[in-house]
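Asker:
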Amino acid sequence: MAQEALNNVGRHAQTRQARIRLVFNPHDVCLQVQDQGAGFNVDERLIPPRGWGLAGMRERAEAAGGRLVVRSSPGQGTTVSVEVPLHHSEAPGDVENSYEDHSLNVGG
Numbered sequence: 681m682a683q684e685a686l687n688n689v690g691r692h693a694q695t696r697q698a699r700i701r702l703v704f705n706p707h708d709v710c711l712q713v714q715d716q717g718a719g720f721n722v723d724e725r726l727i728p729p730r731g732w733g734l735a736g737m738r739e740r741a742e743a744a745g746g747r748l749v750v751r752s753s754p755g756q757g758t759t760v761s762v763e764v765p766l767h768h769s770e771a772p773g774d775v776e777n778s779y780e781d782h783s784l785n786v787g788g
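Okay, so the sequence shown: first residue is 681 according to the numbering used here, each after it adds one.
#1: Kindly list the residues whose CB is nearer than 6 Å to the CB of S761, restricted to its own chain and excluding five residues on each side of it in sequence; keep chain order.
#2: With Q712 as the anchor, note down where its beta strand (DSSP E) starts and where it stops.
#3: Which residues mark the beginning and the end of the beta strand (DSSP E) in which R691 is found?
#4: Classify N688 as buried or exposed, calling it buried when 16 or more other Cβ atoms lie within 10 Å of its own Cβ.
#5: Determine the DSSP secondary structure at R701, reduced to helix, strand or coil.
#6: How should Q714 be labelled, buried or exposed, when 16 other C-beta atoms within 10 angstroms of its C-beta is the threshold for buried?
#7: Going by alpha carbons, who is nearest to G745 out of H692, V709 and Q697?
#8: Could you tell me the distance, in whole angstroms, from the CA atom of F720 to the CA atom of R696?
#9: Under a CB-based cut-off of 9 Å, is T695 close to chain B?
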């Protein structure tokens, strides 16, 4: 899902930067990809054929028991958030409430 979100930044956002945040909580893991690019009308893009990537991300999140939230407005950038529950056997041992936060340059 991170790869698809970053592909969307590269293809559509008209920006060269994206911010990626990965947060492990006791019961779930949250991925957030944010850009300050062109933005879009979410209601128009979540329905195929225009939103195949976002629709696929939503399906994958829901199949894992999670959810996808997309926030965007034209000219205001986009934030794609995915929250997926962790099973206790899969939870990282000592990274509770930890996170990684990185910026990434997209493209050339």
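Backbone N, C-alpha and C define an ideal beta-carbon position, used for all residues, glycine too.
Answerer: Per the coordinate set shown:
#1: As a first step, residue 761 must be located in the sequence shown, where it is residue number 81. Here the set comprises Q712 and V749.
#2: Locating residue 712 in the sequence shown gives position 32, where the first residue counts as 1. Taken as a continuous stretch (DSSP letters only), the beta strand (DSSP E) holding Q712 covers D708 to D715.
#3: For the purposes of this step, residue 691 is taken as the residue at position 11 of the sequence shown. That residue, R691, is in no beta strand (DSSP E); its alpha helix (DSSP H) goes A682 to H692.
#4: Position 8 of the sequence shown holds residue 688. The residue is buried, with at least 16 neighbouring Cβ atoms inside 10 Å.
#5: Reading the sequence shown from its first residue, position 21 is the one you call residue 701. R701 falls in the strand class under three-state DSSP.
#6: By one-based count along the sequence shown, residue 714 stands at place 34. It counts as buried.
#7: As a working note, residue 745 is residue 65 in the sequence shown. Minimum Cα distance to G745 is reached at V709.
#8: Taking the sequence shown and counting its residues from 1, the one referred to as residue 720 is at position 40. Taking the sequence shown and counting its residues from 1, the one referred to as residue 696 is at position 16. Rounded to whole angstroms, F720 to R696 spans 17 Å at the Cα level.
#9: Protein chain content of the structure displayed is limited to a single chain, and chain B is not contained in it.
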